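Q: Structure in structure tokens, see below.
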Amino acid sequence: MSRFISSKFDSLKPYEPGEQPTDKKYIKLNTNESPFSPSPFVEKAISDEEIRSLRLYPDPNANCLKNSLSKHYGVKKENIFIGNGSDEILALIFLAFCDEKTGMAFANITYSFYPVYCNLYNIKAKQIPVNSNFSINPRDYFNCSNNIIIANPNAPTGIALNIDDIESIIKNNKDRLVVVDEAYVDFGAKSCLPLIKKYDNLLIVRTFSKSRSLAGARIGYAFGNESLICDLQKVKFSFNSYTNSRLSLVAAIAALEDEDYFLKCRGVIIKTREKTYKQLKKLNFTLLPSLTNFIFAKPPAFISASSYYNKLKQMGILVRYFKNSNIDSWVRITIGSSEEMDTFIEKTNLIILEAQNENCKNSTQNK
Ligand SMILES: *Cc1c(COP(=O)(O)O)cnc(C)c1O
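Position 19 of the sequence shown, counted from 1, bears residue number 236 in this note's numbering, the numbering being contiguous throughout.
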């Protein structure tokens, strides 16, 4: 730390993104990226002409992408906001709508960026415990004295609420903003998009990073009531007007146009997820039901999550392990390609067998 950093950041604890190591090539099942390349439409759209046009600033309103999203989802342009990844949109939402008094409420097990934003902006964070099976109880959020953010499906659990439950939370918080982070909604959950016409206190945040294979392009979007979108625009333009590069906007539009490819990739991931789930179950992992592109899993009692994570890493496979947290006996496994998951299961088999033998040896010795 330099002697120049503002004292208000004395206790700042930044978000820790999943590892992106460069020491060797890993099977990356740790940051919920897609195993598939972006649609071939994207490669075609990044033309020489687009590259030459990089001398010009991009459209600060991202009108082209708004038009595409508007057509695709049947939502008016006035109800759409575009950001540099959904993380940036979340950062702007916390900045625009929360303060020490209104605060933000969220589950005690959810996307770990939410408490970081609270810390950054000095927003009161209210953490609401999940049920013992890791699900969210909607009633815990009724008549809340804070704004609310819910990842649906939740991360890293993968569990989704149904729309009726989401609607009940919105209905029972008419004077609070309810943000629904739908980063994973394309993998099988129901979106609460139809509700934006009905409620002026709902913001839905989405991303091209996961289901559209564009994590590197940094494109997120939000749907909501026109006045909420105006507020976001105002705060955005007070911070940085050119948040999306020209090439990223072009890439996002092209990806959105290739519906067949999107459906195909999503279908393969869902199928691979179900197969992996069954295989891990057979190996006595404890698993949560997932409607995302990852599985939250607890290895059998004779091997700790940290040891399992380390052994996989030694074998060239990265999964996400959240140390120093209330979920340190679990790992989050991103669904990769079918081949990657075959290797993952093969290595997991080896690790489990070895740990089991080790465990038997120890218990006979102790007798
Ligand atoms: C991945 C993720 C995001 C961030 O996505 P970007 O659009 O890449 O910034 C937001 N929310 C949740 C719950 C996520 O898992």
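Cβ atoms here follow ideal geometry from the backbone N, Cα and C, with glycine treated the same way.
In this text, all values refer to a predicted model and were calculated from it rather than measured experimentally.
(1) Sorted by chain position, which residues of the same chain lie with C-beta nearer than 7 Å to GLU236's C-beta, five sequence neighbours on each side aside?
(2) Is ALA308 close to ligand 1? I mean its beta-carbon at under 7 Å from any heavy atom of the ligand.
(3) In angstroms, rounded to a whole number, what distance separates the CA positions of ALA412 and ILE367?
(4) Could you give the DSSP three-state label for GLN237: helix, strand or coil?
(5) Is there contact between the region 239-259 and the region 452-461, where contact requires at least three CB pairs shorter than 8 Å?
(6) Just the C-alpha distance for ALA262 and VAL467, rounded to the nearest angstrom, thanks.
(7) Consult DSSP for PHE323 and reduce its assignment to one of helix, strand or coil.
(8) Just to be sure I understand the criterion: a residue counts if its Cβ is closer than 5 Å to at least one heavy atom of ligand 1. Which residues meet that?
(9) Does the beta-carbon distance from THR509 to PHE440 come in below 8 Å?
(10) If you follow the alpha helix (DSSP H) that ILE345 is part of, which residue opens it and which one closes it?
(11) Please classify THR460 as buried or exposed, where buried requires at least 16 neighbouring CB atoms within 10 angstroms.
(12) Could you compute how far the alpha carbon of ASN363 sits from the alpha carbon of LYS318?
(13) Tell me whether the beta-carbon of LEU529 lies closer than 8 Å to the beta-carbon of ILE568.
(14) How close, in whole Å, do the beta carbons of LEU473 and GLU267 come, if the pair is a contact with beta carbons under 8 Å?
(15) Where does ALA279 sit, in a helix, a strand or coil, going by DSSP?
A: In short:
(1) ASN247, LEU535
(2) no
(3) Note that residue 412 is Leu in the sequence shown, not Ala. Rounded to whole angstroms, LEU412 to ILE367 spans 15 Å at the Cα level.
(4) coil
(5) no
(6) 6 Å
(7) strand
(8) GLY302, SER303, ASP304, TYR328, ALA368, ALA372, ASP398, ALA400, THR424, SER426, GLY437
(9) no
(10) Not the alpha helix (DSSP H): ILE345 falls in the beta strand (DSSP E), residues 342-345.
(11) buried
(12) 8 Å
(13) yes
(14) The Cβ separation is near 16 Å, so there is no contact.
(15) coil
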